[in-house]
Each structure stands twice: as structure tokens, then as C-alpha cells.
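For my numbering, count along the sequence shown from 1 and bump the result up by 865.
Beta carbons: idealized from backbone N, C-alpha and C, even for Gly.
Given the structure is predicted, the values throughout are model-derived calculations rather than measurements.
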Amino acid sequence: MNFPTVRVGPLNYSALSLNQAIQTILDWSPQPTGRAIHFANAYTVALASKDSDYATAINSGDLVCCDGTPVVWAGKWLANQQLAEWERVYGPDVMVGVLHASTSQQMHYLLGGTKETLTLLEQRITARFPQAIIVGIESPPFRSATESELIERDQRIRDSGANIVWVGLGTPKQDFEVHRIKQSLPVTALAVGAAFDFLAGTVSQAPRWMQRSGTEWIYRWSKEPKRLTRRYLWGNPTFARIVAQQRLTRDH
């Protein structure tokens, strides 16, 4: 499907609903074509504004989903067209939706996280979505992979028979990896961020009202201040400045 696109900062977002995203992924998965799906929030916009290679990797994706409510608000403020269908399309929600609706046509591979998290994640998926077929799990080293390691990784994914690869390596690493996988393998690769920890139960999610109100970042910051302080103290003001400058340029 061709969805409208909205530019927020350097990124071209796909204006679609959560259900549309889930159905598109399910429709794509049996097709032997490399595809990349990104979930970009305000921090992603801020990072991409400073790194053109990162922006290019995301914009080359087949879907660029809006992972944060403030980005939806900003996009609707900046856009000239009607975007009734556009809403937050959150990586963890997409993962749950796709797993829930999976049939024997979908073969899932989990790439990222610690071995402990992956073990818990696989157990919870098996219990919660018994029809979802997990054909491989892999916890890569924290450092950057070598070229030979990437070749071996691709071969493991290929040998598993997977057609959906969930990638949870953290931002921005996971977006570059999804971009790479798209070019190397006939699978649908998705950069889903903290979805592994949320679904495994190792990190708690913000209440739905905070997600809807655009204040989820406060909850996450309170839970992981050391890791997320730079993201929010630098990323949020940078995002706000980018959006304001874009609107000012558009209006003139």
C-alpha cells in the first residue's frame, strides 16, 4: 500500500494507523523481498538532524512509523493534507499485534537484547501467542559486529527460514541494522527498540494515559535516568526547535 508521507525534520513519516501497519507487515511477510520498517520518535528526529547517513538509512525504509505522540502532533501541525488515519504506531504495539495475528505463514526471528531477556521473551511469546512461530533468537555482542560476523548472522537468519526479523539493538544501531538486513536478506526487518524488554517484562511500560498524552518520556526517564538523561535533555529541545524552524520556513 502507498501511504501519505509527512516530513518532520529530516525524516519522511508514513501517515498510517496502527492496524494498517500491522496488516501491511502480515501481508508482506510471505513475500521474498527485503523490507525495512523503522519506528521513529522525537529523539530519532534529533539524531537524524545531526547525522545525514542516519536520516538516509531511515528514509530508505519501506515504512517509517511515528513512534511518539509528540511527533504525530508536530506532523499534523506541519502538514497541509488531511491525515485522519495517522496515529502513533508504537513498536511494541506493532510487535504484539503481528504476533497475535500470525499464522503458519509468519516465521519470526528475534535479534537483540541479552540472552536472559531473549529467553524470557521467547517464553512469554510462546505462552501468550502460541500460534506464533519463533524460528531463531540471537543476542549479538554489545560491540559492533565484524564483516565476517554479519555474514554468519545473515546465514543463520536465512537458514532459520525467518521472514520477519525483530531487531532490538537500541537507537540508532538498530536502524542501521534493519537497513543492512533489507539489503542482504528477503525478510521484513523491524527496528522495535524497547519492545523486547517490555514484552519480556524486564522493563515496565508507561500507563496508556501517559502514552496518549505525550508524557511517556517522563515515566521512562524516571525508570532509567542514567541511560535516558541525554536523550530527553538534549533530544526533546532539539526536536522542538527543528519543528518550530520547519513551521516558520513553511509559513514564509
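From the DSSP output, read off the bridge partner residues of residue i.
i	result
Met-972	Ile-998
Ala-901	Ala-1054
Ser-882	None, per the DSSP bridge assignment.
Leu-1153	Within the shown structure, residues of the chain are numbered from 866 to 1117, placing residue 1153 beyond reach of any answer.
Glu-1003	Leu-976
Gly-933	DSSP output for Gly-933 lists no bridge partner at all.
Please name the residue in the options whose C-alpha comes closest to that of residue i.
i	options	result
Gln-1076	Asn-906, Gln-885 and Phe-994	Asn-906
Leu-983	Ala-886, Ala-1109 and Thr-1067	Thr-1067
Asn-884	Tyr-1097, Gly-899 and Asp-892	Asp-892
Ile-902	Pro-895, Leu-975 and Asn-924	Asn-924
Gly-1033	Phe-1007, Ala-880 and Leu-1113	Phe-1007
Val-1043	Gly-977, Ala-1071 and Thr-1094	Gly-977
Ala-944	Ala-880, Pro-1037, Leu-1055 and Lys-1091	Ala-880
When you compare only the Cα positions, how much space is there between residue i and residue j?
i	j	result
Gln-988	Ala-997	12 Å
Arg-1112	Gln-1039	30 Å
Thr-1103	Val-873	12 Å
Leu-928	Asn-877	9 Å
Tyr-1097	Tyr-974	31 Å
Lys-1047	Phe-1041	10 Å
Glu-981	Thr-1114	48 Å
Does the beta-carbon of residue i, which I'm using as the reference point, lie nearer than 6 Å to any heavy atom of the ligand COA?
i	result
Arg-1045	Because no ligand of any kind appears in the structure shown, any question about the ligand COA cannot be addressed here.
Rounded to the nearest angstrom, how far is the Cβ of residue i from that of residue j, given a contact under 8 Å?
i	j	result
Thr-1053	Ile-1029	5 Å
Gln-971	Ser-1025	Wrong, their Cβ atoms sit about 13 Å apart, outside the cutoff.
Glu-952	Val-937	6 Å
For this session: For the stretch 869-884 and the stretch 1054-1067, state whether three or more C-beta atom pairs, one from each stretch, are separated by less than 8 Å.
Result: no
For this session: Answer yes if the stretch 951-958 comes into contact with the stretch 1007-1015, meaning at least three C-beta pairs across the two stretches below 8 Å, and no otherwise.
Result: no
For this session: Decide yes or no for the touch test of the stretch 1001-1010 against the stretch 1072-1091: beta carbon pairs closer than 8 Å, at least 3 of them.
Result: no
Exercise. Taking three-plus beta-carbon pairs below 8 Å as touching, is the stretch 926-934 in contact with the stretch 1084-1099?
Worked result: no
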